[in-house]
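Going by this note's numbering, the sequence shown runs without a break in its numbering and finishes at 265. In this text, a Cβ means the ideal position worked out from N, Cα and C, and glycines have one as well.
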Amino acid sequence: MTDIPKSHPRYSSLVARERVTEGMKKGYTSSQGLIAQGRGECFDYLLGERTTASAKTATRAAAALLLTAERPALSVNGNVAALVPDEMVALSLSLGIPLEVNLFHRSEERVKRIAHLLRERGAKEVLGERPDASVPGLDHARALATRGGIYDADVVLIPLEDGDRCEALVAMGKKVIAIDLNPLSRTARKATVSIVDNILRAVPGLTAQIQQLSSVSRADLQTIVKSYDNRLVLSQAISEIQEHLLEQIQNP
Ligand code: ATP
14 MTDIPKSHPR
24 YSSLVARERV
34 TEGMKKGYTS
44 SQGLIAQGRG
54 ECFDYLLGER
64 TTASAKTATR
74 AAAALLLTAE
84 RPALSVNGNV
94 AALVPDEMVA
104 LSLSLGIPLE
114 VNLFHRSEER
124 VKRIAHLLRE
134 RGAKEVLGER
144 PDASVPGLDH
154 ARALATRGGI
164 YDADVVLIPL
174 EDGDRCEALV
184 AMGKKVIAID
194 LNPLSRTARK
204 ATVSIVDNIL
214 RAVPGLTAQI
224 QQLSSVSRAD
234 LQTIVKSYDN
244 RLVLSQAISE
254 IQEHLLEQIQ
264 NP
């Protein structure tokens with residue numbers, strides 16, 4: 014990777030670009046993934062490249078949802094594999110649940126490479142290479158899912174997902190946790206809990222929150238989930254962007 018000085022004001026965004034570009038060279042990420050990263054970066058810029066209060070509220074609800082789930086599953090696509098492979102493995106190990114490779118632009122070769130990467134980084138259970146079920150309402154390649162993973166999960170974490178698949182999973186009766194920097198995306202608006210934060214910060218934040226809540230009673234975790242309001246959290250994310258932008262103009 015290129016040597017980026019830590020003192021560079023856009024250090025973490027340049028590191029993320031490097032990781033996604035490397036991910037493409039290594040065959041994890043599609044060329045469309047580069048464009049998705051660009052869209053995400055733009056929203057991170059508007060948010061001030063920080064984890065906001067509303068993202069922390071969503072992360073807490075997501076942790077409570079995962080801890081109270083019967084059969085949770087974690088989805089990994091090409092950008093996720095390029096950006097946070099170790100962090101996704103750590104999250105799955107902390108919950109003892111599977112990772113499922115789930116690609117928008119599916120190719121068997123890419124699925125295999127990502128599954129191999131995750132196993133190399135210590136994952137215990139990686140699904141997605143032999144899908145045996147279809148999510149209703151999606152075209153064939155995008156509908157593929159695995160029993161014991163996303164297909165029959167009650168709670169699914171879908172970082173950087175597209176709106177159609179999010180909506181189809183919700184229509185199956187699942188609780189869906191999205192990680193998406195765009196509070197206006199269809200995914201963010203359709204999900205049960207939307208963490209509007211960069212995946213680089215969101216996944217370690219979620220694992221830390223799971224550790225913090227691991228000794229909390231089931232009843233208290235259910236209260237956290239019940240009192241969570243995704244629409245309110247998305248409105249707060251918009252206000253946080255607005256406040257940040259005004260501050261930038263007022264204090265150049
Ligand atoms: P939707 O169908 O939900 O409206 P979309 O078509 O806008 O989504 P996609 O290209 O399908 O977007 O998915 C990429 C999404 O992931 C975008 O909303 C983008 O903001 C978000 N994203 C990209 N990179 C990151 C990142 N590093 N961290 C968090 N979110 C990201």
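Report buried or exposed for residue i, applying the criterion of at least 16 other Cβ atoms within 10 angstroms of its Cβ.
i: THR205; result: buried
i: SER26; result: buried
i: THR197; result: A small fix is needed here, since residue 197 is Leu in this sequence, not Thr. Exposed.
i: GLY51; result: exposed
i: THR220; result: buried
i: GLY135; result: exposed
i: GLN222; result: buried
i: ALA215; result: buried
i: CYS55; result: exposed
i: SER20; result: exposed
i: ARG178; result: buried
i: GLY186; result: exposed
i: ASP193; result: buried
i: ARG155; result: buried
i: GLN255; result: exposed
i: PRO144; result: buried
Do we get a CB-CB distance below 7 Å when we pair residue i with the residues of chain B?
i: GLU100; result: Included in the structure is just one protein chain, with no chain B present.
If I'm right that residue i touches residue j with Cβ under 8 Å, what's the distance once you round it to whole angstroms?
i: ILE110; j: PRO85; result: 5 Å
i: THR81; j: VAL238; result: 7 Å
i: TYR41; j: ILE171; result: In fact, because the Cβ distance is near 17 Å, the residues do not count as touching under 8 Å.
i: LEU213; j: VAL102; result: With a Cβ gap of about 15 Å, LEU213 and VAL102 do not count as contacting.
i: VAL124; j: GLU142; result: 6 Å
i: ALA71; j: SER207; result: 6 Å
i: VAL139; j: VAL169; result: Wrong, their Cβ atoms sit about 15 Å apart, outside the cutoff.
i: ARG202; j: LEU247; result: 7 Å
i: ASP57; j: ASN211; result: 5 Å
i: GLN249; j: SER67; result: 4 Å
Give me, in chain order, the residues of the same chain whose beta-carbon lies closer than 7 Å to that of residue i; leave out the 5 immediate sequence neighbours on both sides.
i: ASP152; result: none
i: ASN90; result: ASN115, LEU116, PHE117, LEU173
i: ALA166; result: ARG84, PRO85, ALA86, LYS187
Please name the residue in the options whose C-alpha comes closest to that of residue i.
i: THR34; options: ARG119, ALA154, ALA95, VAL148; result: ALA95
i: LYS39; options: GLU113, GLU122, LEU108, ASN115; result: GLU122
i: ILE251; options: PRO217, GLU174, VAL209, PRO18; result: VAL209
i: LEU112; options: ALA158, ILE17, LEU78, ILE262; result: ALA158
i: ALA146; options: VAL102, PRO98, ASN115; result: ASN115
i: LEU59; options: GLN263, GLU253, ASP165; result: GLU253
i: THR236; options: LEU106, SER207, ALA75, LYS69; result: ALA75
i: SER88; options: ARG73, ALA77, SER105; result: SER105
i: ARG32; options: ALA77, VAL93, TYR164; result: VAL93
i: ARG23; options: GLY36, MET37, GLU62, SER43; result: GLU62
i: SER310; options: LEU108, VAL139, ASN195; result: For residue 310 there is no data in the structure shown, the boundaries of the chain being 14 and 265.
i: ALA241; options: LYS69, GLN263, ASP16; result: Per the sequence shown, the amino acid found at residue 241 is Tyr instead of Ala. Answer by Cα proximity: LYS69.
i: THR64; options: ALA77, GLN225, ALA166, PRO217; result: PRO217
i: ALA232; options: GLN255, LEU78, GLY176, GLY162; result: LEU78
i: GLU83; options: GLY53, PRO18, LEU131, GLY162; result: GLY162
i: ASP175; options: TYR164, ALA191, ARG160; result: ALA191
Quick one: what's residue i bridged to in DSSP?
i: VAL89; result: VAL114
i: LEU170; result: LEU87, ILE190
i: LEU80; result: Looking at the DSSP assignment, LEU80 forms no beta bridge with any residue, so it has no partner.
i: LEU157; result: SER147
i: ILE127; result: For ILE127, which the question treats as bridged, DSSP gives no partner whatsoever.
i: VAL139; result: LEU112
i: SER105; result: Bridge partners of SER105: none, in fact.
i: SER207; result: ALA191
For residue i, I'd like the list of residues in its chain whose CB is within less than 6 Å of its CB, leaving aside the five on either flank, ordered along the chain.
i: ALA181; result: VAL148, GLY150, LEU151
Once the 5 residues before and after residue i are set aside, which same chain residues still bring their CB inside 8 Å of it?
i: GLN45; result: PHE117, HIS118
i: ASN243; result: ALA71, ALA204, THR205, VAL206, SER207
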